[in-house]
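Asker:
Protein chains in written order, with our numbering: chain A, 819 to 931; chain B, 36 to 680.
#1: Report yes or no: is there a C-beta of chain B within less than 8 Å of the C-beta of residue 894(A)?
#2: Rounded to the nearest angstrom, what separates residue 464(B) and residue 503(B) at their Cα positions?
#3: DSSP three-state label for residue 554(B), please.
#4: Three-state secondary structure (DSSP) at residue 890(A)?
#5: At 3 residues or longer, and completely inside the segment 860-916 of chain A: list those beta strand (DSSP E) runs for me, N to C.
#6: Give the single residue among 408(B), 191(B) and 159(B) whose Cα lies nearest to the Cα of residue 481(B).
#7: Any Cβ of chain B within less than 8 Å of the Cβ of residue 904(A)?
#8: Please report the straight-line C-alpha distance between residue 600(B) and residue 242(B), rounded to a whole angstrom.
#9: State the DSSP-derived secondary structure class of residue 442(B), mapped to helix, strand or coil.
#10: Counting only C-beta atoms, is residue 918(A) closer than 8 Å to chain B at any point?
#11: Pull out every residue of the segment 866-880 of chain A whose Cβ sits closer than 7 Å to any Cβ of chain B, in chain order.
#12: As a quick exercise: from 194(B), 573(B), 578(B) and 82(B), pick the residue whose alpha carbon is nearest that of residue 137(B).
#13: The segment 394-424 of chain B: which residues have C-beta closer than 7 Å to a C-beta of chain A, in chain order?
#14: Can you list, in chain order, the residues of its chain with a C-beta nearer than 6 Å to that of residue 501(B)? Leave out the 5 residues immediately preceding and following it.
#15: Report all residues from its chain with a CB closer than 7 Å to the CB of residue 327(B); omit the five preceding and five following residues, and keep chain order.
#16: Which of the residues in the segment 612-639 of chain B, read from start to end, lie with their CB under 8 Å from any CB of chain A?
#17: Starting from residue 612(B), trace the beta strand (DSSP E) both ways and give me its first and last residue.
#18: Just to check my reading of the structure: residue 232(B) and residue 170(B) have Cβ atoms closer than 8 Å, yes? What is that Cβ distance to the nearest angstrom?
#19: Any Cβ of chain B within less than 8 Å of the Cβ of residue 900(A)?
#20: Quick check on residue 283(B): does DSSP put it in helix, strand or coil?
#21: Taking only the alpha-carbon atoms, compute the straight-line gap between residue 313(B) and residue 85(B) and give it to the nearest angstrom.
#22: With 8 Å as the threshold, decide whether the Cβ of residue 928(A) is near any Cβ in chain B.
#23: Quick check on residue 600(B): does DSSP put it in helix, strand or coil?
#24: Please give the ranges of any alpha helix (DSSP H) in the segment 197-240 of chain B, keeping only runs that are unbroken, at least 4 residues long and fully inside the region.
#25: Which residue or residues does DSSP assign as beta-bridge partners of residue 582(B)?
#26: Give every residue of the same chain whose Cβ lies closer than 6 Å to the Cβ of residue 268(B), excluding the five residues on either side of it in the sequence, and list them in chain order.
#27: Should the segment 209-217 of chain B be regarded as contacting the segment 139-149 of chain B, the criterion being three or more beta carbon pairs within less than 8 Å?
#28: Would a C-beta distance cut-off of 8 Å place residue 410(B) and residue 334(B) closer than the cut-off?
#29: Nearest by alpha-carbon distance to residue 871(A): which of 847(A), 884(A), 849(A) and 836(A) is it?
#30: Please compile the residues from chain A whose C-beta is within a distance smaller than 7 Å of the C-beta of residue 387(B).
#31: Quick one: Cα of residue 906(A) to Cα of residue 832(A), how far?
#32: Is residue 599(B) close to chain A? Criterion is C-beta to C-beta, closer than 8 Å.
#33: Taking the alpha carbon of residue 493(B) as the point to measure from, which residue in 80(B), 422(B), 555(B) and 127(B) has its own alpha carbon closest?
#34: State the Cα-Cα distance for the pair residue 36(B) and residue 676(B), rounded to the nearest angstrom.
#35: Going along chain B, which residues have a C-beta under 7 Å from residue 835(A)?
#36: Straight-line CA distance for residue 673(B) to residue 628(B)?
Have a look at this one:
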């Protein structure tokens with residue numbers, strides 16, 4: 819719970835790239851299924867992954883605002899702030915990349931050759 | 036009682052050896068010079084583990100390979116200067132373009148970037164050597180033997196001829212000519228072993244050996260760039276090592292990894308190769324952006340704008356580089372939906388790249404530029420790379436890529452990215468750090484001439500290739516018909532390549548002349564802010580008499596007179612300081628390996644095994660014996676201070 823209240827400086831750094839890497843692989847793997855599935859599984863999966871990235875960004879944002887307490891790992895406030903700022907930026911960039919993947923999943927039916 | 040005895044034992048351990056604490060300057064330097072020296076003569080030359088000696092050696096070797104690859108390109112341009120010319124045979128042309136690409140990518144661009152890291156990182160983070168110094172020596176010997184092997188093969192008409200990415204089935208067991216693809220595949224193994232070794236050293240050095248006080252937000256941007264590059268190498272290079280081994284197994288042992296008829300998959304090669312191949316572009320480009328971020332502040336006299344933005348861009352580029360590989364395969368008939376995800380990632384990478392460009396522009400905008408040669412190359416880089424980046428966004432789009440795939444448009448694009456994006460900053464970096472490495476300044480007059488010849492020669496050579504590509508001229512053809520109408524443009528390109536050649540000739544001439552007769556440099560000739568300029572030019576074998584303590588992101592500007600230092604390290608044996616990853620708080624003293632001949636002997640055993648395995652798979656079995664002996668002797672405790680815990 820302390821992680822939620824104080825934030826986690828590296829959360830966005832981890833959640834953004836991991837969510838993007840997983841969603842890219844899964845979307846690519848299930849692209850063939852989209853045509854006859856009746857819905858847009860790639861867009862849905864990218865949306866879920868974007869949510870995961872945003873959760874990480876939120877935790878890093880909390881850590882950015884919370885300069886008083888260092889939680890795991892016990893970093894100095896300045897280093898923690900730097901890491902949190904970097905994490906928010908990286909997480910946001912990868913969330914944006916996944917939003918573009920959602921757009922691709924919505925635009926293409928999956929039946930195109 | 037036993038705890039008191041233990042404490043006394045610990046204290047004796049703590050006081051072992053001579054420490055720098057309170058030692059006067061003359062004795063300190065004498066101790067350090069003795070502990071860190073490279074012996075004179077042939078043995079010293081072969082056994083040294085000094086990162087500066089190995090870094091310089093890497094740089095010189097990489098530039099020799101650049102010359103070979105550049106001359107190959109000139110011969111190709113000689114052939115293409117006129118339509119239907121028969122100056123060289125199609126077979127020789129195939130070998131030339133393959134050797135050109137292979138050498139530029141595997142033997143020049145990646146090694147030279149790693150070479151700069153090997154030389155500069157310990158100096159920039161305030162330590163005495165890289166982590167795993169013997170691995171560093173081993174990596175050089177492996178690299179140089181792989182390069183020599185493939186060029187000797189070329190001299191015997193066995194040069195690789197299936198392109199730098201050696202696609203199957205062209206390079207497979209049915210169509211690959213003689214041993215040509217095998218030499219290519221094994222050269223890849225040599226160079227990737229070498230690159231992985233350097234990557235491991237750089238990661239360990241940056242994370243654990245930074246000067247006290249050099250927290251994550253005080254790491255020089257160049258060091259950030261090579262740290263991220265090292266991680267990219269670590270995750271990208273195994274893919275090509277595995278795939279090239281699979282290729283050689285298909286050809287030598289009869290496995291069917293890529294044989295479509297036997298249940299293999301030719302596209303698997305492309306997936307594996309480009310999973311490495313696209314990050315490879317960033318392995319070359321990311322350190323180059325580090326050069327830019329190091330050079331710019333010095334020549335505009337202000338700290339770089341947007342430090343955090345640049346760091347997060349570097350990290351984002353490192354991650355994103357692994358999600359773009361399919362854009363090299365848009366023409367292979369993959370589902371459009373699947374391709375679209377890679378279009379998305381390919382376009383997204385323009386954002387962190389753009390953030391960096393805008394940060395650099397803002398840095399120049401807010402500074403007072405001094406137009407010395409390094410800055411000229413940086414400005415040339417920004418201009419050229421923006422063009423290369425824009426055409427990159429174009430070919431990230433599937434419809435455009437399908438139109439220009441395998442045409443000269445792509446040749447123009449990747450030369451703008453790789454030469455503009457990496458070689459221009461590299462040349463700037465040579466001008467910038469040559470004084471530190473040699474103690475002499477390069478000639479500014481020749482430098483300016485060098486820049487303008489290279490800049491104009493490059494743009495005149497490669498810009499018209501965009502137009503040729505849009506007109507439909509395919510790449511990798513040894514000639515073209517007279518009726519195509521491409522003759523005059525090709526003649527113009529070939530003549531322009533001579534201008535580029537003169538530019539590079541001036542570069543090498545400047546280095547040769549200045550190495551002997553250049554003006555003395557002094558410790559910090561540019562008035563720069565990072566730690567490598569705090570020591571002498573060239574630096575002593577131990578880098579710093581006392582390790583510096585960092586209190587600012589620009590330490591030499593914040594404390595121009597005297598840097599704070601830390602004491603307590605042993606000086607009668609090789610020792611470095613290990614600290615915490617994030618905050619660089621000192622944790623322990625680490626022994627650093629002494630000179631040794633075993634890295635060379637082990638590399639000889641490994642290289643011999645790689646070479647012999649081109650001809651027989653049994654080489655792997657018999658080669659394991661000398662390799663094991665080499666490694667056992669390398670790591671066998673010898674009762675030296677480095678073996679102490």
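We treat Cβ as the ideally placed atom computed from N, Cα and C, and that holds for glycine. All values reported here derive from a predicted model rather than from experimental measurement.
Answerer: According to the data block:
#1: Proximity of residue 894(A) to chain B, defined by a Cβ-Cβ separation below 8 Å, is satisfied.
#2: Computed Cα separation, rounded: 33 Å.
#3: Here residue 554(B) sits in coil by DSSP.
#4: Summary for residue 890(A): the model assigns pLDDT 49, below 50, so the residue's position carries little reliability, and this model does not support an answer.
#5: Within the segment 860-916 of chain A, not a single complete beta strand (DSSP E) segment reaches 3 residues in length.
#6: Nearest option by C-alpha distance: 408(B).
#7: Under the 8 Å criterion on CB atoms, residue 904(A) is classed as interfacial with respect to chain B.
#8: Spanning the two alpha carbons is a distance of roughly 20 Å.
#9: Reduced to three states, the DSSP call for residue 442(B) is strand.
#10: For residue 918(A), the answer is yes, since a Cβ of chain B falls inside 8 Å of its Cβ.
#11: Those would be none; no residue qualifies.
#12: Closest option to residue 137(B), judged by alpha-carbon separation, among 194(B), 573(B), 578(B) and 82(B): 194(B).
#13: Cβ contacts with chain A: none found.
#14: Cβ neighbours of residue 501(B) beyond the five flanking positions: 444 and 447.
#15: Once the five neighbours on either side are set aside, the close Cβ partners of residue 327(B) are 395, 413, 416 and 460.
#16: Within the segment 612-639 of chain B, the residues whose Cβ lies closer than 8 Å to some Cβ of chain A are 617 and 618, listed in chain order.
#17: That run of the beta strand (DSSP E) goes 610-614.
#18: That pair is a contact at about 5 Å.
#19: For residue 900(A), at least one C-beta of chain B is nearer than 8 Å to its own C-beta.
#20: In this structure, residue 283(B) counts as helix in the three-state DSSP scheme.
#21: For residue 313(B) and residue 85(B), the distance between alpha carbons rounds to 32 Å.
#22: Residue 928(A) counts as touching chain B.
#23: Correct three-state label for residue 600(B): strand.
#24: Runs of the alpha helix (DSSP H) inside the segment 197-240 of chain B: none found.
#25: Answer by DSSP bridge pairing, in chain order: 601(B).
#26: For residue 268(B), where only same-chain residues beyond five positions count, the Cβ hits under 6 Å are 230, 234 and 318.
#27: Cβ pair count under 8 Å is below three, so no.
#28: In contact: residue 410(B) and residue 334(B) (Cβ atoms closer than 8 Å).
#29: Comparing Cα-Cα distances from residue 871(A) to each of 847(A), 884(A), 849(A) and 836(A), the minimum goes to 836(A).
#30: At a C-beta separation below 7 Å, residue 387(B) has these neighbours in chain A: 911.
#31: In this structure, the straight-line span from the alpha carbon of residue 906(A) to that of residue 832(A) is close to 10 Å.
#32: Not closer than 8 Å to any Cβ of chain A, the Cβ of residue 599(B) fails to qualify, so no.
#33: The option with the nearest alpha carbon to residue 493(B) is 422(B).
#34: Confidence in residue 36(B) is poor, its pLDDT being 43 and thus under 50, which makes the residue's placement too unreliable to answer from.
#35: Neighbours of residue 835(A) on chain B, chain order: 354.
#36: Straight across, the Cα-Cα distance linking residue 673(B) with residue 628(B) is about 11 Å.
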